[in-house]
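Before any comments, here is the structure.
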Amino acid sequence: MSDHAVSDHTGEQYAELPTVEDTEALGRRLAADLQAGDLVVLDGPLGAGKTALTRGIAAGLGVQGRVTSPTFVIAREHRPGERPGGKPVGLVHVDAYRLGDGPDALDELDALDLDTDLTAAVVVVEWGEGLVEKLTDRHLRVRLRRDPESDVRRATWGWVG
């Protein structure tokens, strides 16, 4: 990852992520500013690095357990561990891909009781853009894209709300 993020005219920050390790490092960096109650919405196609970024966020928060994609279970909860330089906080990692975007999607999301977890943990939602923003007044939106020719990922992020 480049040594610093660049801000564009919208106030979002931008970084190129040549390796998976760079994507995880960005996650650790973002985690430094996250606290219980924060919602992180990840957007990007398959292979863009959403789970790798979540692994980095989890490492930065110091949560317990291995972070893998929650595709088949929809949500995984990771207990607080020892957070480097900060107050321990848990992580709820959600994959909203299977929830779809129809009229039942919010009911399915509500059945996960995420609004309860929002006060006690950082909640990271893959495939959640356009669906989970209604859970809080403010969220961190991270968009990940992958260059198909070079495999370099590009991330843009910023707080919304």
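Residue numbers (my numbering): 604 to 764. Glycine included, C-beta positions come from ideal geometry on N, C-alpha and C. This structure is a prediction, so every number in the text was calculated from the model and none was measured.
Could you check what DSSP says for Gly689 in three-state terms: helix, strand or coil? Taking the first residue of the sequence shown as position 1, residue 689 is located at position 86. Three-state result, Gly689: coil.
Quick check: what's the CA-CA separation for Pro621 versus Val755? Reading the sequence shown from its first residue, position 18 is the one you call residue 621. Reading the sequence shown from its first residue, position 152 is the one you call residue 755. The straight-line gap from Cα to Cα measures roughly 4 Å.
Separation of Arg746 from Thr671, as counted between CA atoms: Walking along the sequence shown from the start, residue 671 turns up at place 68. Walking along the sequence shown from the start, residue 746 turns up at place 143. For Thr671 and Arg746, the distance between alpha carbons rounds to 19 Å.
For Val695 and Gly652, I'd like the C-alpha separation in whole angstroms. Residue mapping note: residue 695 aligns to position 92 of the sequence shown, counting from 1. Residue mapping note: residue 652 aligns to position 49 of the sequence shown, counting from 1. Their backbone Cα atoms lie some 18 Å apart in a straight line.
So, is Pro687 buried or exposed, given that buried needs 16 or more other C-beta atoms within 10 angstroms? Walking along the sequence shown from the start, residue 687 turns up at place 84. It counts as exposed.
C-alpha gap between Gln667 and Gly684, whole angstroms: Taking the first residue of the sequence shown as position 1, residue 667 is located at position 64. Taking the first residue of the sequence shown as position 1, residue 684 is located at position 81. Each residue's alpha carbon lies about 5 Å from the other.
Tell me the rounded alpha-carbon separation between Trp760 and Val623. Residue mapping note: residue 760 aligns to position 157 of the sequence shown, counting from 1. Residue mapping note: residue 623 aligns to position 20 of the sequence shown, counting from 1. Their backbone Cα atoms lie some 17 Å apart in a straight line.
Cut-off 7 Å between Cβ atoms - residues of its own chain near Asp698, not counting five sequence neighbours on either side: One-based indexing of the sequence shown puts residue 698 at position 95. Closer than 7 Å at Cβ, skipping near neighbours: Ser672, Pro673, Thr674, Ile677, Glu729 and Trp730.
Are the Cβ atoms of Gly663 and Ala639 separated by less than 7 Å? As a working note, residue 663 is residue 60 in the sequence shown. As a working note, residue 639 is residue 36 in the sequence shown. In this structure, Ala639 does not lie closer than 7 Å to Gly663 by Cβ.
Starting from Thr626, trace the beta strand (DSSP E) in both directions and tell me its first and last residue. For this step, residue 626 is matched to residue 23 along the sequence shown. Counting along the chain, Thr626 falls outside any beta strand (DSSP E), though it belongs to the alpha helix (DSSP H) covering Val623 to Ala634.
Roughly how far, in whole angstroms, is the beta-carbon of His742 from the beta-carbon of Val763, given that I think they are within contact range, below 8 Å? What you label residue 742 is simply residue 139 of the sequence shown in a count that begins at 1. What you label residue 763 is simply residue 160 of the sequence shown in a count that begins at 1. With 8 Å as the limit, His742 and Val763 qualify as a contact, their Cβ atoms being about 6 Å apart.
In angstroms with no decimal places, state the Cα-to-Cα distance between Leu637 and Pro648. As a first step, residue 637 is located in the sequence shown; it is residue number 34 there, counting from the start. As a first step, residue 648 is located in the sequence shown; it is residue number 45 there, counting from the start. Computed Cα separation, rounded: 24 Å.
Give the DSSP-derived three-state secondary structure of His607 in the structure shown. Locating residue 607 in the sequence shown gives position 4, where the first residue counts as 1. Residue confidence is low: His607 scores 49 on pLDDT, short of 50, so the model does not pin down where it sits. Its coordinate-derived value is still stated next. Three-state DSSP puts His607 in coil, outside helix and strand.
Excluding the 5 residues flanking Thr722 on each side, which residues of the same chain have their C-beta closer than 6 Å to its C-beta? Within the sequence shown, numbered from 1, the residue matching residue 722 stands at position 119. Excluding positions up to five away in sequence, the list reads Gly640.
Go ahead and label Glu752 buried or exposed: buried means 16 or more other beta carbons lie within 10 angstroms of its beta carbon, across all protein chains shown. Taking the first residue of the sequence shown as position 1, residue 752 is located at position 149. By the neighbour-count rule (16 or more Cβ atoms within 10 Å), Glu752 is not buried but exposed.
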